[in-house]
Each structure stands twice: as C-alpha cells, then as structure tokens.
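Going letter by letter, the sequence shown gives residues 4 to 157 in this note's numbering. Note that beta-carbon positions come from the ideal geometry of N, C-alpha and C, so glycine has one too. Given the structure is predicted, the values throughout are model-derived calculations rather than measurements.
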Amino acid sequence: MPVFDLSELSAACPPNTPWLGLDLGENTVGVAASDAGRIIASPLELIRKTKFTQDAERLFKIMDGRNVSALIIGLPLNMDGTEGPRAQSCRAFARNLERFRPVNVAFQDERLSTTAVERFLIDELDLTRKRRADVVDRTAAAWILQGALDRLRD
4 MPVFDLSELS AACPPNTPWL GLDLGENTVG VAASDAGRII ASPLELIRKT
54 KFTQDAERLF KIMDGRNVSA LIIGLPLNMD GTEGPRAQSC RAFARNLERF
104 RPVNVAFQDE RLSTTAVERF LIDELDLTRK RRADVVDRTA AAWILQGALD
154 RLRD
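Pasting the structure below:
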C-alpha cells in the first residue's frame, strides 16, 4: 500500500477522482467523500465496526461506487505531536487494507477534530446529544478530509 505524503498524493491519483476521508474510532468508522475536483468534503456514512474483513469490504464497496482513488485517514496525534497507541492503530488499519488490495493512503493530523465538530454541532446547529452521536464521526471525517484538501490548495 502506497502511503504518501499529502503533497505527493495528487500526482499518484488519476485526475478528477474523489477521495474518501476516514475518522477511525473504536467502534465506528466515519466516512466522508470529496467531489471529483477535490474541493469540497461532505459527510457520507458511518460504518459500525464488526469484523475487519466486513469493514474493509464495505469501505471498498463505497470506494468502487464512487471511483475513489485515495483515502485520507485521520491520525490522532498526541498534543505534543508524538504518536500514541491510537495513531499506531490507524496505521495498522491502513496496512491491513493492503491485504485485500492496494490503496493510495495519506494521513492527516486530526488533533481536536472531534472536539471542533462537537462544538460546531452544539453551537451552530443546536443538535441534541443523541443526534450528535449519529453524525459526529462522519462529520469529523469530513473535517479531516477538508483539512487535507485545503492544505493542498495552500
């Protein structure tokens, strides 16, 4: 599995193909998708984790259905920039996908993404706790993906 620096990912992907953003949680995977021009990220789906094989199959089905050329996976770094167990788990998830098929992957620092999304959902949308639980992971995935897309344009 090619793991790219974000700045090199575009050159490795066919033009006019969307990317997916992933927010990997303990029990769920938040999924977001970009448009083909890779300008806007939108929340897409929440995968409730079962067995890795089934989770990977669902992810590949989404990728195939949208002609996705890469994954941007949120990397939960510690506040000092070091990698802890959760970051290593995200890297292992990416490596395990390779057992099934090659996927272009880049990691995006996701520090405070869930906190920022929670704040937005509360302050701007006034969502209840139950409703926030239904949308926070896929919205965090969109936040992660949008951050990567914005970095490429800077």
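Terminal residues of the continuous beta strand (DSSP E) containing residue i?
{"i": "S92", "result": "Here S92 belongs to no beta strand (DSSP E); instead the alpha helix (DSSP H) covers 88 to 100."}
{"i": "D26", "result": "22 to 27"}
Considering only DSSP beta bridges, list what residue i is partnered with.
{"i": "E48", "result": "V34"}
{"i": "D112", "result": "L78"}
{"i": "A73", "result": "W22"}
{"i": "V6", "result": "V108"}
Quick check on the burial criterion: 16 or more other C-beta atoms within 10 angstroms. Buried or exposed for residue i?
{"i": "Q111", "result": "buried"}
{"i": "G33", "result": "buried"}
{"i": "E113", "result": "buried"}
{"i": "G84", "result": "exposed"}
{"i": "G87", "result": "exposed"}
{"i": "N19", "result": "exposed"}
{"i": "L100", "result": "buried"}
{"i": "A14", "result": "exposed"}
Using only CA atoms, which one of the options lies nearest to residue i?
{"i": "I50", "options": "G87, I65, R102, G40", "result": "I65"}
{"i": "G68", "options": "N30, A39, A95", "result": "A39"}
{"i": "L9", "options": "A109, R156, A143", "result": "A109"}
{"i": "S92", "options": "V106, G28, R104, F103", "result": "G28"}
{"i": "N30", "options": "K52, S13, R154", "result": "K52"}
{"i": "D140", "options": "E48, P17, F7", "result": "E48"}
Between which two residues does the alpha helix (DSSP H) holding residue i run?
{"i": "A15", "result": "9 to 15"}
Under 7 Å, Cβ to Cβ, is there at least one residue of chain D near residue i?
{"i": "A95", "result": "Of the protein chains in this structure there is only one, and it is not chain D."}
Can at least three beta-carbon pairs, one atom from the segment 139 to 155 and one from the segment 38 to 55, be found at a separation below 8 Å?
-> yes
Original post:
On the three-pair Cβ rule with 8 Å, is the segment 62 to 78 touching the segment 14 to 33?
Top reply: yes
Query raised in the report: Three or more C-beta pairs closer than 8 Å, one from the segment 78 to 90 and one from the segment 51 to 68: is that the case here?
Result: no
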